[in-house]
Amino acid sequence: MYYAMDNAQIVVLAGGLATRLGSLTQNQPKSMLNIHGKPFLQYQLELFKKNGITRVLLCL
């Protein structure tokens, strides 16, 4: 089934304690972990923008 992306909205669940990542997330949330020079969350936001999705709700 195909849906038009004209008014698409995204909800990103970026909260949580990330206990399985141990010391990597001791001082920062997992969505802000640096991967190849950018926070993980930035990769997701850039992908949404590339696909025409401009309405994003972050739940922390």
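Following my numbering, the numbering of the sequence shown begins with -5 at its first residue and continues without gaps.
By construction, the Cβ of each residue, glycine as well, lies at the ideal position given by its N, Cα and C atoms.
Out of 42, 41, 11, the CA that lies nearest to the CA of residue 27 is found in 11. Secondary-structure assignment with DSSP links residue 1 through no beta bridge to anything. Following the DSSP letters along the chain, one finds residue 41 inside the alpha helix (DSSP H) bounded by residues 34 to 44. The shortest CA-to-CA distance from residue 13 to any of 7, 5, 6, 22 is the one to 22.
Within its own chain, the residues whose Cβ lies closer than 6 Å to the Cβ of residue 25, once the five positions on either side in sequence are excluded, are 8, 34, 35, listed in chain order. Linking residue 54 to residue 44 through their CA atoms gives a straight-line distance of about 23 Å.
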